[in-house]
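Novice: Chains as they are written, first to last, in this note's numbering: chain A, 0 to 338; chain B, 1163 to 1307.
Okay, handing you the structure first.
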Ligand code: SF4
Ligand code: SF4
Ligand code: SF4
């Protein structure tokens, strides 16, 4: 990863100096051990802040859409002749590029509004898994070397192998190399284990409906409706989300458990064919709600029913934005057969 | 399931969201032809199934519907040509998703009834009412006021 990082900084400097991009969305080291936070680089000399490692968690496509739409909006207030264009560069691994593809499919911006610096990805560290390994103690120091992570807590020092602490979505990632890029840095990362990506969903499907409901109820009971999952999701860019609409008010803001369940059902359902399994929502959730078990189901169905892999190709459209005449309709109720 | 034991007076409440051009006309035809169907259904008329936000279905369940039926024109017969085909994709995924989280599959039903199918409309309502009756009153997702 070291030379990817070095190369990334060099390229970023060049792109900014040549004014090919106005801003680069990347990651910088966080203030706590084991963290990297999104950063916005606007001058070549700042490019040395950039990092690329297994602590880079958030999907940066979120900020690309944000920056471009805010810029476009600000240009509305400027005389037509004084309007400027803004090209946003982004450090993008596989899932980030898929989110960008989705945003492009949904016409959020034009292809030349963005400059994609593709990076290979070997997965990111799930902090909850690390916490479990050190019995929840505070981590004072952490460093990566190859496929090992060394952590120090107040009492002990431990070296963990990355395989055991990567996030679930990373372990079964199908697209850990970018599907879209203007510039690739580093050589392609080796494949993860996508064959087992639906193992969790398949196991869940086998439970009885009552057990599935109990699980859903239990998970959603943890949710405090902080909306962090939505805020971080690159596919959740709606100016006014249904959750805040007041005419009509789709979902109540009370503490009622069904309001939370309905909020979740609809937020999740809005991800049909639009969730790239980047895990950002799971990572930011302060309550540890298991969103992935449900998101993966939607992904599996979109693939089974429509052959869709979210954001995998610019030529395709999201599955619910299109249809085929011979789409499956075995779910359609037939009163003759039902007898 | 004991929690689902219905009081003897319980009758299923079913919300049917139907399109103006086919199923609503089909319901009309059933009425004109004096074809009987159970009075458990409350019909909501919309311009097209393609206009139905899947949220309507979830919202109806939250508001206490024991079952939700969505019905429109048969594929190929949509007044707006393809509204029902977009709807079909939405409902295929919605129905699977709701049953995945544990809402009984028979609480959400999707079908096609054309303007000339008064008889089919009545059969659909009978069938759905019986299926929902067998499930008992809805408990999941229902907001208690
Ligand atoms: S729903 Fe979660 S995993 Fe899916 S794209 Fe959004 S943030 Fe990523
Ligand atoms: S939950 Fe739905 S409405 Fe809200 S921001 Fe996400 S996609 Fe948009
Ligand atoms: S981040 Fe977690 S707690 Fe917050 S709204 Fe989403 S699921 Fe609920």
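By construction, the Cβ of each residue, glycine as well, lies at the ideal position given by its N, Cα and C atoms.
The structure presented is a predicted model; accordingly, all values stated were derived computationally and were not measured.
Show which residues of chain A have a CB atom less than 9 Å away from the CB atom of residue 1261 of chain B.
Specialist: 208, 211
Novice: Output the residues surrounding ligand 2, defined as those with a CB atom closer than 7 Å to any ligand heavy atom, in chain order.
Specialist: A:229, A:232, A:234, A:235, A:236, A:237, A:240, A:241, A:242, A:265, A:266, A:269
Novice: Output yes or no for whether 8 Å exceeds the beta carbon distance between residue 90 of chain A and residue 7 of chain A.
Specialist: yes
Novice: Does DSSP put residue 1173 of chain B in a helix, a strand or coil?
Specialist: Residue 1173 of chain B falls in the coil class under three-state DSSP.
Novice: Relative to ligand 1, is the shortest distance from any of its heavy atoms to the C-beta of residue 278 of chain A smaller than 7 Å?
Specialist: yes
Novice: Let me know the secondary structure DSSP gives residue 78 of chain A once reduced to three states.
Specialist: coil
Novice: What separation, rounded to the nearest whole angstrom, lies between the Cα atoms of residue 27 of chain A and residue 217 of chain A?
Specialist: In this structure, the straight-line span from the alpha carbon of residue 27 of chain A to that of residue 217 of chain A is close to 36 Å.
Novice: Between residue 98 of chain A and residue 234 of chain A, which are expected to be in contact by the criterion C-beta below 8 Å, what is the C-beta distance as a whole number of angstroms?
Specialist: 7 Å
Novice: CA-CA distance, residue 326 of chain A and residue 51 of chain A?
Specialist: 42 Å
Novice: Relative to chain B, which residues along the region 248-265 of chain A have a C-beta separation below 8 Å, given in chain order?
Specialist: 249, 251, 255, 257, 258, 260, 261, 264, 265
Novice: Under three-state DSSP, which class holds residue 101 of chain A?
Specialist: In the three-state reduction of the DSSP assignment, residue 101 of chain A falls in the helix class, which pools H, G and I.
Novice: Does residue 177 of chain A come out as helix, strand or coil in the three-state DSSP assignment?
Specialist: coil
Novice: Please determine if the region 190-197 of chain A and the region 105-119 of chain A are in contact, where contact requires at least 3 C-beta pairs separated by less than 8 Å.
Specialist: no
Novice: Could you check the C-alpha separation between residue 56 of chain A and residue 174 of chain A for me, to the nearest Å?
Specialist: 16 Å
Novice: For a cutoff of 8 Å on Cβ pairs, would you count residue 105 of chain A as touching chain B?
Specialist: no
Novice: Leaving aside the five residues before and after residue 253 of chain A along the sequence, list all residues of the same chain whose C-beta is less than 8 Å from its C-beta, in chain order.
Specialist: none
Novice: Between residue 300 of chain A and chain B, is the shortest Cβ-Cβ distance under 8 Å, so that the two count as touching?
Specialist: Chain B contact via Cβ: present.
Novice: Among the candidates A:104, A:137, A:164, whose CA atom is the shortest distance from the CA of residue 128 of chain A?
Specialist: A:164
Novice: Below 7 Å, is the gap between the Cβ of residue 225 of chain A and the nearest heavy atom of ligand 1?
Specialist: Checking the 7 Å criterion, the Cβ of residue 225 of chain A is out of range of every heavy atom belonging to ligand 1.
Novice: Whole-angstrom Cβ separation of residue 1208 of chain B and residue 1177 of chain B, contact assumed at under 8 Å?
Specialist: Going by Cβ atoms, the distance from residue 1208 of chain B to residue 1177 of chain B rounds to 12 Å, so no, they are not a contact pair.
Novice: Using alpha carbons as the reference points, say which of A:158, A:179, A:62 lies closest to residue 311 of chain A.
Specialist: A:179
Novice: If you compare alpha carbons, which of A:78, A:101, A:15, A:29 is closest to residue 315 of chain A?
Specialist: A:101
Novice: Quick check on residue 304 of chain A - is its C-beta less than 8 Å from some C-beta in chain B?
Specialist: yes
Novice: Does DSSP classify residue 304 of chain A as helix, strand or coil?
Specialist: In the structure shown, the three-state DSSP call for residue 304 of chain A is helix.
Novice: Report the option in A:277, A:35, A:328 whose CA atom is closest to the CA atom of residue 141 of chain A.
Specialist: A:35
Novice: Does DSSP put residue 1163 of chain B in a helix, a strand or coil?
Specialist: Residue placement at residue 1163 of chain B cannot be trusted, given a pLDDT of 44 that sits under 50; the coordinates are not used to answer.
Novice: Sorted by chain position, which residues of the same chain lie with C-beta nearer than 8 Å to residue 1293 of chain B's C-beta, five sequence neighbours on each side aside?
Specialist: 1229, 1268, 1271
Novice: Looking at chain B, is there any beta carbon in it that lies within less than 8 Å of the beta carbon of residue 327 of chain A?
Specialist: yes
Novice: Span of the alpha helix (DSSP H) holding residue 1233 of chain B?
Specialist: No alpha helix (DSSP H) holds residue 1233 of chain B; the beta strand (DSSP E) holding it covers 1229-1234.
Novice: Is it buried or exposed, residue 1291 of chain B, if we count other Cβ atoms within 10 angstroms and call 16 or more buried?
Specialist: By the neighbour-count rule (16 or more Cβ atoms within 10 Å), residue 1291 of chain B is buried.
Novice: Confirm the yes/no value for this check: CB of residue 172 of chain A, any heavy atom of ligand 1, distance under 7 Å.
Specialist: no
Novice: Going by beta-carbon coordinates alone, are residue 1184 of chain B and residue 1238 of chain B separated by less than 8 Å?
Specialist: no
Novice: Can you tell me where the beta strand (DSSP E) holding residue 37 of chain A begins and where it ends?
Specialist: 35-40
Novice: Under 8 Å between C-beta atoms, does residue 1247 of chain B make it to chain A?
Specialist: Chain A contact via Cβ: present.
Novice: Does residue 350 of chain A get closer than 8 Å to chain B when you measure Cβ to Cβ?
Specialist: Residue 350 of chain A lies beyond the stretch modelled for chain A, which goes from 0 to 338, so this question has no answer here.
Novice: Report the residue ranges of all alpha helix (DSSP H) runs contained in full by the region 1243-1297 of chain B; include only those spanning at least 4 residues, in chain order.
Specialist: Considered as a whole, the region 1243-1297 of chain B harbours 1245-1263, 1280-1297 as its complete alpha helix (DSSP H) runs of no fewer than 4 residues, in chain order.
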